[in-house]
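Asker: First the structure, then my questions, so here it is.
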């Protein structure tokens with residue numbers, strides 16, 4: 554069985570939301586079908602987001618474009634049990650991945666900000682920042698020259 558490493562969402566309090574990343578080349582349709590076969594039901598399905606809800610109220614939200622997965626523990630779960638429940642949801646996901654032969658995750662894979670490529674969002678943001686800084690330097694230099702010679 555796959556071993557998925559989950560971590561609490563930084564912006565969530567109460568250990569309700571957990572996250573992990575899957576490779577963007579995963580077969581998310583097969584993964585969804587496998588999760589539906591073990592008790593999850595589509596709660597929201599768009600080309601950019603798939604949300605599957607378990608009969609106990611827990612959810613798995615998948616962003617296929619980035620491979621980002623959010624595990625949502627039902628808010629009525631006792632606070633002391635939330636980490637264990639999140640691990641159980643991750644276990645459901647790992648079992649579904651094994652059953653559907655979905656590619657296995659690796660650190661940073663699926664998240665362009667952690668694994669930049671020339672066309673990734675992180676790389677584009679760095680280029681934009683560099684252009685902005687260059688423009689500020691040029692504008693500052695021109696302003697300095699005008700001030701010196703006027």
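Numbering (this note's numbering), first residue to last: 554 to 703.
We put the beta carbon where it would ideally sit given N, CA and C, even for glycine.
1. Going by other Cβ atoms of all chains shown within 10 Å of its Cβ, with 16 needed for buried, is residue 579 buried or exposed?
2. Grab the span of the beta strand (DSSP E) containing residue 623 for me, first residue to last.
3. Give the secondary structure of residue 629 by DSSP, where H, G and I count as helix, E and B as strand, and everything else as coil.
4. For residue 588, collect the residues of the same chain with a Cβ closer than 8 Å to its Cβ; drop the 5 residues on either side in sequence, then sort them by chain order.
5. Distance check for residue 594 and residue 643, CA to CA, integer angstroms please.
6. Identify which residue in 632, 681, 684 and 691 has its Cα closest to the Cα of residue 569.
7. Rounded to the nearest angstrom, what separates residue 680 and residue 562 at their Cα positions?
8. Give the DSSP-derived three-state secondary structure of residue 612 in the structure shown.
9. Look at the alpha carbon of residue 559 and the alpha carbon of residue 619, and state the distance between them as a whole number of angstroms.
10. Can you give, in chain order, each stretch of the beta strand (DSSP E) that sits fully within the stretch 558-604 and has at least 3 residues?
11. Mind checking which residues open and close the alpha helix (DSSP H) that includes residue 635?
12. Are the CB atoms of residue 621 and residue 574 within a distance shorter than 8 Å?
13. Taking only the alpha-carbon atoms, compute the straight-line gap between residue 638 and residue 609 and give it to the nearest angstrom.
Answerer: On the basis of the supplied data:
1. buried
2. 621-625
3. Coil, per DSSP.
4. Closer than 8 Å at the Cβ level, and outside the excluded window around residue 588, lie 605, 613, 645, 646 and 649.
5. 16 Å
6. 632
7. 28 Å
8. strand
9. So the two alpha carbons sit approximately 16 Å from each other.
10. 570-574 and 593-598
11. 635-653
12. yes
13. 11 Å
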